[in-house]
Each structure stands twice: as structure tokens, then as C-alpha cells.
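Position 33, counted from 1, in the sequence shown is what the numbering used here calls 34; the numbers after and before it change by one each time, with no gaps. Backbone N, C-alpha and C fix where the C-beta goes; we use that ideal spot for every residue, glycine too. Heads up, the thing below is written out as C-alpha cells.
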Amino acid sequence: MSLHSDGLNESPVNPLPATVMILVLVMALVEGAFMLGARGIIGGPEAIGWRLNAIQDYGFSARALAWMVETGTLRGDFLIRFVTYPFVHSGFTHFIFAAVMTLAMGKFVGERMGQVALVILFFGSCVLGASVYTVMAPDAPGLIGAFPGVYGLIGGFTCLLWLRLGEVGAQQAQAFTLIGLLLGIQLVFGVLFGGGPDWIADIGGFVAGFFMSFLLLPGALLRLRDKLRRS
2 MSLHSDGLNE
12 SPVNPLPATV
22 MILVLVMALV
32 EGAFMLGARG
42 IIGGPEAIGW
52 RLNAIQDYGF
62 SARALAWMVE
72 TGTLRGDFLI
82 RFVTYPFVHS
92 GFTHFIFAAV
102 MTLAMGKFVG
112 ERMGQVALVI
122 LFFGSCVLGA
132 SVYTVMAPDA
142 PGLIGAFPGV
152 YGLIGGFTCL
162 LWLRLGEVGA
172 QQAQAFTLIG
182 LLLGIQLVFG
192 VLFGGGPDWI
202 ADIGGFVAGF
212 FMSFLLLPGA
222 LLRLRDKLRR
232 S
């Protein structure tokens, strides 16, 4: 009797999409370097300041983007921050929450949209989330962490669920339960412990992810057009 035919050699857990693993691996390597450097294990004495230096050199700066817009000047060292800031976190807790949510949302979205779409969704949400952050809070502190991209993946998840609920005739507002819950938790933590305007970039990432998904999901635009015609 064939093991393959019995399904005994199949993994009980679906593997994570490779792009999701790569994104989280890069986050982990960066965070690991910061932690080891801060403990003097690698890099020598100057490694203690690696995290702060990375925030200054690779974190997104709303003021820098506003300056480029005002002067009409493009600088590569400013533009690269759009895609580097998601990999720099303020500490291990910040990193681990971002990594876990990237894995969870990335698996769901990647399996249904494809890995190329997932990468576009993640980085597109980071870029658009940071852009909204600049417009709404141009004098705010620098932006770091993967959460705008994570919220973009949540936007993709919400889009998929919204379309699915529409197909079965269910109440589509239910699709926004997760984002509502997360924003509620974020509001409570902000009130209790204080916080900056990072939530602006998170919401911007979510909105970007939700609407980009209509372009990235095969057949989504056709389904949306049919729904609008019926309504």
C-alpha cells in the first residue's frame, strides 16, 4: 500500500508562503542583530547604538518626504526609507507582534492572492500608509515597524472576506469586525499608556490594502462590477 495514496506523508500543516517567511526572516535578522549588539555579543562597543542609528538612517521621516515635495527634489536615501522602515522596530515586543501578525495574515492572503500579490500588498501599504502619515502628521516623529504593511494585509483579508460574504448573501459589514477590534484595542492602549500618531499610518495601510486587493485578486474587479450593477 502506498504511503502517498493514504496521505500519510502529507504535512498536517500547510506550509507558509515563501515570501511571508522571507519578510519575517529579514525582520528577525535585523532585530537579532540589534539585541546581540546591545548585549555586546557582536559588533563591539559601537553596536550598542545600532538600533538608534538604524531608526535615524532607515526609519521613515515625514519631514524628509514633506521637504522633497516642497522642493521638488528626489533623494534616494530618503526614498529608500519607504521600504526599509518596516524592518526596524523599537524593541523585541514591537517586533514579535509585527512578525506574528505578518505570518498569520500573510499566510491567509498569500494562499489566496499569490505571493507576488502579497509582496505588492505589503510594500504598497507601507508606502501609502507612510504617505498618509506625512499628510496628516507632517511634523510627527519618525515611523518604524511593519504594522502599516500588516494592516495592509488585514485590508486584503477584509477584502477577501467581504467578497465571500457577498457571494453567500451574508451581511458584508461583518468583514470589518477584525479591523474594528484591532483599532479598539489600539485606542484603549493609547488612552491608558499614551502613544504617537502611528495609528494614522496603520489606517492608511489598511485602506490601501483593502482597495489594492480589488486589483490584485483574480476576478475581483469583475465581481465588484457585477455587484454594483445588481445594486
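Which residue wins for smallest C-alpha separation from D58, given the options L104, I97, V89?
Translated into the one-based positions of the sequence shown, residue 58 becomes position 57. Of the listed residues, the one whose Cα sits closest to D58 is V89.
Inspect the beta-carbon positions of A100 and V25 and report whether they are closer than 8 Å.
Within the sequence shown, numbered from 1, the residue matching residue 100 stands at position 99. Within the sequence shown, numbered from 1, the residue matching residue 25 stands at position 24. Contact check for A100 against V25 passes: the beta carbons are separated by less than 8 Å.
May I ask you to report which of helix, strand or coil DSSP gives Q173?
If you number the sequence shown from 1, residue 173 lands on position 172. DSSP, reduced to helix, strand and coil, places Q173 within a helical segment of the structure shown.
In its own chain, which residues sit with a C-beta less than 7 Å from the C-beta of A151, not counting the 5 before and 5 after it?
To locate residue 151, count along the sequence shown from 1; it is residue 150. One point to set straight first is that residue 151 is Val, not Ala, in the sequence displayed. Closer than 7 Å at the Cβ level, and outside the excluded window around V151, lie A99, M102, T103, M106.
Restricting to runs no shorter than 4 residues, where is the alpha helix (DSSP H) found entirely within the segment 28-104?
Counting only runs of 4 or more residues that sit fully inside the segment 28-104, the alpha helix (DSSP H) segments are 51-59, 63-72, 77-80, 82-85, in chain order.
Of the listed residues I201, F212, L216, G210, nearest to A63 (C-alpha basis)
To locate residue 63, count along the sequence shown from 1; it is residue 62. That would be I201, whose Cα lies nearest to the Cα of A63.
Do F207 and G125 have their CB atoms nearer than 8 Å?
Indexing the sequence shown from 1 puts residue 207 at position 206. Indexing the sequence shown from 1 puts residue 125 at position 124. Cβ atoms of F207 and G125: not closer than 8 Å.
Start and end of the alpha helix (DSSP H) containing L122?
The residue given as residue 122 occupies position 121 in the sequence shown. Per DSSP, the unbroken alpha helix (DSSP H) holding L122 starts and ends at 116-137.
If you reduce the DSSP assignment to three classes, tell me which class L26 lands in.
Sequence index remark: in the sequence shown, residue 26 carries index 25 (1-based). Residue state for L26 is assigned as helix, using DSSP reduced to three classes.
What is the residue span of the alpha helix (DSSP H) that D140 lies within?
In the sequence shown, residue 140 corresponds to position 139, counting from 1. Counting along the chain, D140 falls outside any alpha helix (DSSP H), and DSSP gives it neither H nor E.
What is the rounded straight-line gap between the Cα of F211 and the Cα of F109?
On the sequence shown, position 210 is the one that residue 211 refers to. On the sequence shown, position 108 is the one that residue 109 refers to. Take the alpha-carbon of F211 and the one of F109: they are about 14 Å apart.
Three or more C-beta pairs below 8 Å linking the segment 171-179 and the segment 114-122:
Contact between the segment 171-179 and the segment 114-122 is absent, with fewer than three C-beta pairs closer than 8 Å.
Extent of the continuous alpha helix (DSSP H) run through L154
Mapped onto the sequence shown, residue 154 falls at position 153. Per DSSP, L154 belongs to the alpha helix (DSSP H) from 148-168.
So, is T94 buried or exposed, given that buried needs 16 or more other C-beta atoms within 10 angstroms?
Here residue 94 refers to the residue found at position 93 when the sequence shown is read from its first residue. An exposed status is given to T94, since fewer than 16 other beta-carbon atoms sit within 10 Å of its beta-carbon.
With respect to the alpha helix (DSSP H) encompassing L1, which residues constitute its N-terminal and C-terminal limits?
Nothing in the structure corresponds to residue 1, since the chain is present only between 2 and 232.
Backbone CA spacing between Y86 and G33 [nearest angstrom]
Indexing the sequence shown from 1 puts residue 86 at position 85. Indexing the sequence shown from 1 puts residue 33 at position 32. Y86 and G33: Cα-Cα distance of roughly 16 Å.
Between the CA atoms of F96 and I23 - distance to the nearest angstrom:
Position 22 of the sequence shown holds residue 23. Position 95 of the sequence shown holds residue 96. I23 and F96: Cα-Cα distance of roughly 15 Å.
Three Cβ pairs or more, each shorter than 8 Å: is that satisfied between the segment 35-48 and the segment 129-148?
Too few Cβ pairs lie closer than 8 Å, so no.
CB-CB under 6 Å to S214, same chain, minus the five flanking residues each way: which ones, in chain order?
Within the sequence shown, residue 214 is the residue found at index 213, counting from 1. By the criterion of a C-beta distance shorter than 6 Å, S214 is surrounded in its chain by G157, C160, once the five residues flanking it on both sides are discounted.
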